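**Student:** One structure coming up, written as structure tokens, with questions to follow.
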Amino acid sequence: MGNILIIAEEREGTLRKVSYELVTVANEIAKGLGGAVEAFVIGNNVGACAEALAKTGVAKVYCADSPALAHFAPEVFAATLADAIRKAAPSVVLMPATGLGKELGAQVAAKLDWGVVTDCITFQVEGGALIFKRPVYAGKAMATIKAKTLPVIASFRPNIFPPAPAESAAAPIEKVEVAAITPRAQVIEKVKKEAVDVDLAEAKVVVSGGRGAKDANGFVQIREIAKMLGAAVGASRAAVDAGWIDYSTQVGQTGKTVAPQLYIALGISGAIQHLAGMSSSKVIVAVNKDPDAPIFQAADYGIVADMFEVMPVLKEELKKVLAEK
Amino acid sequence: MNLVVLIKRVPDTETRIQIKDGKVVTDGIAWIISPYDEYGIEEALRINEKQGGGKVTLLCLGPEEAKETIRKGLALGADDAVHVNDPALLGGDASATAKVLAAALKKMQYDLVLAGKQAVDEDNAQVAVRVAELLDLPCVNSVIKLEFSDDKKSARCLREVDGDRDEAETSLPAIITAQQGLNEPRYPSLKGIMGAKKKPITDWKAADLGLDPASLAPKLETLRFDPPPARPPGKKLPGDAATATKELVRLLREEAKVI
Ligand SMILES: Cc1cc2nc3c(=O)[nH]c(=O)nc-3n(C[C@H](O)[C@H](O)[C@H](O)COP(=O)(O)OP(=O)(O)OC[C@H]3O[C@@H](n4cnc5c(N)ncnc54)[C@H](O)[C@@H]3O)c2cc1C
Ligand SMILES: Nc1ncnc2c1ncn2[C@@H]1O[C@H](COP(=O)(O)O)[C@@H](O)[C@H]1O
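Those protein sequences? They're chains G and B, same order as listed.
If you're matching positions, the first sequence starts at 1 in our numbering and goes up one per residue.
If you're matching positions, the second sequence starts at 1 in our numbering and goes up one per residue.
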């Protein structure tokens, strides 16, 4: 049996939380399949990330660290990763189900002629075979998928497994050469974004607004509430289409799929495409002035009221409660 | 420019997915072009409308019924289509689908291939990236803005990935996948719908692509589908807005323990 290799993801020199979550998944899979858990990190100035990973109890960390990796170039990243995988010869590769993780996973899998199970939320080892569950149709159904052959790549959604603590004795770190390739496609510049929000995919709390927010001003209050909760701001397609907020915040079948601990929907009717993207949230709150709005069927707690009457009280109450801690 | 757009036939996003005996019930489903692929078609049409000349060709792997979906794309303005229409090639996983589409593209001429970021049925987000790799083409994923250099040898793309925006550059030919925001797809005109009936759709089988179906053995097997776990019934909080909101905050802290 080969090892289990996790592909960590970093952002600006810090490991994303999902990387630690993958260690937990890998440890669990190793219990059923055998093999050691190893980790791989790729980027520019990722030495500290490699050191952090080395303390999560993994057996070894592979690290590709080079200024050549400062900007994303799919061909260079994928070739470097594929080389490392060939050398490590794992039977399972785990990746984060982020945009980047999914892209790299597909590309590396094509190089190696492997299968990829995208967006897994659970797994099971059965008679030496790996079986995964993943949402399809943006969460309107769940698929159970078996890897007919190993090795396989599986990407796991953030926020589902607890992160592994980084408190073990440090494992060895092995340097990995960056593939010597002149990329034909590459990122040349990161565009500065408004210094707002928590990333939707990893947020523990999401506060979303819909057409009920009335205009861009309505989102000012939504942002304030989100900020108090350390939450990401989301939106319905109606709000996005109206231009009140950037489309990267759209939640739903053609937007982001989110599964936070708490999802607060303000002035959103609950169209099937919206529900698809958020109905696996742990707790759902809906505020809508129409008692028959379909969103109430998905909501754990519903308030039938004008959101503009609710939001100021919500801010006041949150201020009190959050100060208590 | 000669542009190929990869389109997949998927259930309308309005569809409630029904499951029976572990399978998705397809009776009565309305089918559409996957929404991200529509952004691809729209972009291709705009490129040639702006530059003049060139051809937009749709490429779809799907059952006979996908003809209807392909016609919808032709009605939007695409010039012609290739339908890989062979039961022996259907039902594969993303790896197999990508091999089939790559084999078809090998027989076609293009300056750029457009695809969707993901198909909204299985949400794999794999096929287009895999096709690029199989054809050794550069790929820019999740694009929301696309511009060409004057000599049309390269393109500048704005990508939106994981909440970040990146400016990327690629040489051509390349594969580009569309993310929401790239454009606002048009609706078909009556003239477009009428005209679509006369536009050529070429059917290809495994043999036309020189493909041995045995080489397409899937690496994954879908054992079953299930409905998502049911949510326990929720409660509406009584009282006026202020009373209900206060109660909500209390419940979120004390009962749900999420704040
Ligand atoms: C192909 C396709 C893909 C789509 N993908 C998505 C997607 O990914 N995500 C998505 O969200 N949608 C998507 N949609 C659109 C979806 O069908 C709905 O149109 C959209 O979700 C509606 O947004 P909404 O709930 O904000 O607006 P509406 O449906 O107009 O609802 C507004 C709600 O706000 C309430 N309201 C109004 N004023 C107030 C107030 N002052 N206080 C409290 N409540 C108030 C109203 O009672 C109403 O229920 C898609 C549609 C298509 C065709
Ligand atoms: N059967 C198919 N025929 C044509 N294009 C496809 C097919 N399947 C996937 N694609 C393309 O690949 C993209 C990503 O699909 P997927 O990997 O299935 O999420 C889609 O948006 C399409 O552009």
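Beta carbons are placed, not taken as given, at the ideal position from N, Cα and C, and that holds for glycine.
Bear in mind that the values here come from a model prediction, so they are computed numbers and not experimental data.
Where does Gln180/B fall in DSSP's three states?
**Tutor:** coil
**Student:** What I want to know is whether the C-beta of Thr326/G ends up closer than 7 Å to one or more non-hydrogen atoms of ligand 1.
**Tutor:** Only positions 1 to 325 of chain G appear in this structure, which leaves residue 326/G out of reach.
**Student:** Could you spell out the range, first to last residue, of the alpha helix (DSSP H) harbouring Val129/B?
**Tutor:** Val127 to Leu134
**Student:** Kindly indicate if chain G contains any beta-carbon less than 8 Å away from that of Val113/B.
**Tutor:** no
**Student:** Nearer than 7 Å: is that true of the beta carbon of Cys60/B relative to any heavy atom of ligand 2?
**Tutor:** yes
**Student:** Check Gly105/G in the structure and name its three-state DSSP category.
**Tutor:** Helix, per DSSP.
**Student:** Counting only runs that start and end within the stretch 156-212 of chain B, where is the beta strand (DSSP E) found for 3 or more residues in a row?
**Tutor:** 164-171, 174-178 and 201-204
**Student:** So Lys139/B packs on Pro74/G, CB below 8 Å; how close in whole Å?
**Tutor:** The amino acid at residue 139/B is misidentified as Lys; the sequence shows Cys. About 6 Å separates the two Cβ atoms, so the contact holds.
**Student:** Got a sec? Which residues, its chain only, sit under 6 Å from Ile193/B by beta carbon, not counting five neighbours each side?
**Tutor:** The residues are Ala75.
**Student:** Examine ligand 1 and report whether any of its heavy atoms sits within less than 7 Å of the Cβ of Asp240/B.
**Tutor:** no
**Student:** Give the straight-line distance between the Cα atoms of Asp164/B and Leu114/B, rounded to the nearest whole angstrom.
**Tutor:** 21 Å
**Student:** What are the boundary residues of the beta strand (DSSP E) that Leu229/G is part of?
**Tutor:** First-last for Leu229/G: Ala216 to Leu229, but that is the alpha helix (DSSP H), not the beta strand (DSSP E).
**Student:** Buried or exposed: Tyr263/G, going by 16 or more other Cβ atoms within 10 Å of its Cβ?
**Tutor:** buried
**Student:** Since Arg16/G is in the beta strand (DSSP E), which residue starts that stretch and which ends it?
**Tutor:** Unbroken run through Arg16/G: none, as it is neither H nor E.
**Student:** Taking the continuous beta strand (DSSP E) assigned at Ser155/G, which residues delimit it?
**Tutor:** Val152 to Phe156
**Student:** Might you give, ordered along the chain, the residues of its own chain that have their beta carbon closer than 7 Å to the beta carbon of Ala26/G, omitting 5 neighbours on each side?
**Tutor:** Counting only Cβ-Cβ distances below 7 Å, and skipping sequence neighbours, we find Ile4, Ile6, Val37 and Leu94.
**Student:** Trp31/B bridges to which residues according to DSSP?
**Tutor:** Pro11/B
**Student:** In chain order, which beta strand (DSSP E) runs of at least 3 residues are fully inside the stretch 110-134 of chain G?
**Tutor:** 115-120 and 122-126
**Student:** Short of 7 Å in beta carbon distance, which residues of its chain neighbour Asp215/G, apart from the five on each side in sequence? Order them along the chain.
**Tutor:** Residues of the same chain with a CB within less than 7 Å of the CB of Asp215/G, apart from the 5 flanking positions on each side, are Trp244 in chain order.
**Student:** On the three-pair Cβ rule with 8 Å, is the stretch 234-248 of chain G touching the stretch 165-184 of chain G?
**Tutor:** no
**Student:** For the candidate residues Arg134/G, Ala109/G, Gly127/G and Gly128/G, whose alpha-carbon lies nearest to that of Ile121/G?
**Tutor:** Arg134/G
**Student:** Going straight from the alpha carbon of Gln179/B to that of Ile41/B, what length do you get?
**Tutor:** 12 Å
**Student:** So the beta strand (DSSP E) Arg224/B belongs to, where does it begin and stop?
**Tutor:** Leu220 to Asp226
**Student:** Using DSSP bridges, identify the partner residues of Tyr301/G.
**Tutor:** Val285/G and Lys235/B
**Student:** Quick check: is the beta carbon of Asp306/G nearer than 8 Å to any beta carbon in chain B?
**Tutor:** yes
**Student:** Name the one or two DSSP bridge partners that Pro96/G has.
**Tutor:** Phe156/G
**Student:** Identify each residue in the stretch 183-210 of chain B for which the Cβ-Cβ distance to at least one residue of chain G is less than 7 Å, and report them in chain order.
**Tutor:** Under the 7 Å Cβ criterion, the stretch 183-210 of chain B contributes no residue.
**Student:** Could you give the C-beta distance for Asn141/B and Arg130/B, rounded to a whole number, given that I count them as a contact under 8 Å?
**Tutor:** Distance from Asn141/B to Arg130/B at the Cβ level is roughly 12 Å; contact not present, criterion being Cβ atoms closer than 8 Å.
**Student:** Suppose only complete runs of 3+ residues qualify. What are the beta strand (DSSP E) ranges in the stretch 17-60 of chain G, listed by chain order?
**Tutor:** Under the rule that a run must span 3 or more residues, the beta strand (DSSP E) segments found entirely inside the stretch 17-60 of chain G read 37-43.
**Student:** State buried or exposed for Lys219/B, treating a residue as buried only when at least 16 other CB atoms are found within 10 Å of its CB.
**Tutor:** Label assigned to Lys219/B: buried.
**Student:** Mind pulling the chain G residues with CB within less than 9 Å of Cys60/B?
**Tutor:** Result: empty, since nearest Cβ-Cβ is about 19 Å, beyond 9 Å.
**Student:** Assign Gln133/B to buried or exposed, taking buried as 16 or more other Cβ atoms, counted over all protein chains shown, within 10 Å of its Cβ.
**Tutor:** One detail in the question is off: residue 133/B reads as Glu in this sequence, not Gln. Under this definition Glu133/B is a buried residue.
**Student:** Would you mind reading off the limits of the alpha helix (DSSP H) that contains Val249/B?
**Tutor:** Going by DSSP, Val249/B is part of the alpha helix (DSSP H) stretching over Ala241 to Glu254.
**Student:** Tell me whether Gly230/G counts as near ligand 1, meaning its Cβ is closer than 7 Å to at least one heavy atom of that ligand.
**Tutor:** no
**Student:** Give the residues of chain G in contact with Pro228/B, contact being defined as C-beta atoms less than 8 Å apart.
**Tutor:** Pro135, Gly139, Lys140, Ala141, Met142, Ser279 and Ser280
**Student:** Quick one, which residues of the stretch 123-143 of chain B are near chain G if we go by CB-CB under 7 Å, in chain order?
**Tutor:** Asp123, Asn124, Ala125, Gln126, Val129, Arg130, Glu133, Leu134, Pro138, Cys139, Val140, Asn141 and Ser142
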